[in-house]
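In what follows, a structure is listed as structure tokens, so that the remarks can point back to it.
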């Protein structure tokens with residue numbers, strides 16, 4: 371069992387989940403609080419990682435973060451090294467890759483809050499932010515939990531993006547899924563079996579936990 | 011000390027909702043005004059437009075504080091010609107919708123405090139607020155429900171909390187949409203008495219309530235604005251405006 375890869379995977383999933391919630395909460399709130407072409411476009415862009423092969427996303431990120439583009443050169447100059455093939459690069463890729471898994475449940479949860487409640491809050495003098503904080507967010511709590519759990523597990527399970535943008539550097543970018551791939555390449559099926567078992571058990575347990583929370587199920591489907 | 015003067019509101023709305031063309035122009039002159047009309051005549055839409063919960067096609071709604079004095083101040087809620095639209099939260103207008111929309115994640119007491127919490131500056135004010143809430147809880151017969159979760163309330167209880175919450179935070183204009191439907195007779199009489207008492211104090215702003223119940227309109231001794239098909243057909247005392255409805259009702263009651 372590659373414990374270094376296990377810790378790296380957990381660190382990556384935790385960092386990604388925290389960043390994703392910070393990004394997804396305002397985005398989902400904006401999407402859920404109205405309609406129109408701009409919102410449809412943002413929602414489509416957010417959902418893209420669901421349908422794109424992860425390698426496509428990884429490829430674009432590799433190019434975008436590398437010395438071929440202006441933002442990439444800026445990052446290289448600021449950090450002294452390219453984002454690609456580093457833990458930070460991996461985090462950026464993971465956030466984008468798991469974005470729909472955080473945003474979709476939140477949008478569904480926010481949309482399920484009765485608009486009449488927000489209207490009354492407004493007539494009682496509440497700003498949109500106060501109404502969000504005191505009414506929408508508490509009522510959508512199951513969706514927030516779902517979003518966090520899905521982001522975490524999806525990050526644990528990613529492979530294509532990590533391979534493209536991170537490569538396979540032990541301690542920096544070598545996650546469990548990559549380690550598994552390596553073990554199979556080396557015909558080390560016993561080790562591969564243990565790694566695969568850990569990933570399978572973890573994913574299954576998480577999903578059981580989500581479905582157990584009856585209320586979270588609705589937002590998963592939404 | 012100056013005699014406190016109640017704010018006044020003038021309302022002009024033209025708005026299309028489905029098949030109904032709403033076109034009204036009236037002024038709230040009395041402490042308590044009733045919008046009377048059959049369902050579907052546009053009463054709720056008028057309340058929503060005044061509260062700022064919908065953007066009318068064409069409207070001018072103005073709230074005047076301390077009218078006729080040198081402290082007179084005017085707040086334009088909406089003026090479509092001038093491109094003014096004051097958001098609902100800045101209008102200081104309270105509304106109790108027909109369907110009680112209680113915040114399910116808060117207790118009854120927290121619901122009541124939601125609109126008033128921001129105005130407390132010190133301990134004295136907090137004490138005054140808590141005393142006010144205590145009185146309201148008693149007056150609306152909901153003191154025993156204070157710590158309860160709104161999901162566990164009956165329809166009548168929820169309606170009482172809905173009204174109490176709107177009344178609790180004051181405002182220039184209090185709007186109650188079919189406030190007494192779903193309440194039993196004794197409670198209804200109690201509320202009407204306490205609302206009349208409240209309206210006797212001009213500091214409490216104006217009250218606009220909606221009903222389609224003739225008996226209720228008479229009981230409230232308020233000015234009546236009669237609405238039909240989105241238009242104001244009459245405005246004045248109940249005895250004059252609703253004479254026809256009263257005669258019809260009395261005829262029905264005869265054995």
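Residue numbers (the numbering used here), protein chains in the order written: chain C, 371 to 592; chain A, 11 to 265.
We put the beta carbon where it would ideally sit given N, CA and C, even for glycine.
Model, not experiment: these values are computed from the prediction.
At 7 Å on the CB atoms, spell out the chain C contacts of residue 61 of chain A, in chain order.
493
Please identify the residue among C:549, C:508, C:453, C:447 whose C-alpha is closest to the C-alpha of residue 428 of chain C.
C:453
Is residue 515 of chain C helix, strand or coil when you go by DSSP?
helix
Under the assumption that residue 493 of chain C contacts residue 105 of chain A (Cβ atoms under 8 Å), give the Cβ distance between them as a whole number of angstroms.
5 Å
Straight-line Cα distance separating residue 220 of chain A from residue 187 of chain A:
5 Å
Return helix, strand or coil for residue 247 of chain A, following the three-state DSSP convention.
strand
Kindly list, in the order they appear in chain A, the residues whose Cβ is closer than 7 Å to that of residue 476 of chain C.
Neighbours of residue 476 of chain C on chain A: none; closest Cβ ~17 Å, over 7 Å.
Hey, out of C:464, C:482, C:378, whose CA is closest to residue 532 of chain C's CA?
C:464
Cβ closer than 7 Å: which chain C residues qualify as neighbours of residue 179 of chain A?
494
Should residue 125 of chain A be flagged as near chain C, meaning a C-beta pair shorter than 9 Å?
yes
Would the C-beta of residue 429 of chain C count as close to the ligand SAM, meaning under 8 Å from any of its heavy atoms?
With respect to small molecules bound, the structure shown includes none, and the ligand SAM cannot be examined in it.
Please give me, in chain order, every unbroken run of the beta strand (DSSP E) with length at least 3 that falls completely inside the segment 153-237 of chain A.
183-187, 216-221
Would you tell me roughly how many angstroms separate the C-alpha atoms of residue 257 of chain A and residue 485 of chain C, rounded to the nearest one?
41 Å
Determine whether the Cβ of residue 111 of chain A lies closer than 9 Å to any Cβ atom of chain C.
yes
Among A:175, A:72, A:28, A:260, the one whose alpha carbon lies nearest that of residue 144 of chain A:
A:175
How should residue 451 of chain C be labelled, buried or exposed, when 16 other C-beta atoms within 10 angstroms of its C-beta is the threshold for buried?
exposed
Taking the alpha-carbon positions, what's the residue 124 of chain A to residue 180 of chain A distance?
12 Å
For residue 193 of chain A, collect the residues of the same chain with a Cβ closer than 8 Å to its Cβ; drop the 5 residues on either side in sequence, then sort them by chain order.
166, 169, 170, 201
4 or more residues per run - each alpha helix (DSSP H) lying fully within the segment 423-496 of chain C:
424-435, 440-449, 457-481, 485-493
Of all Cβ atoms in chain C, is any one closer than 9 Å to the Cβ of residue 105 of chain A?
yes
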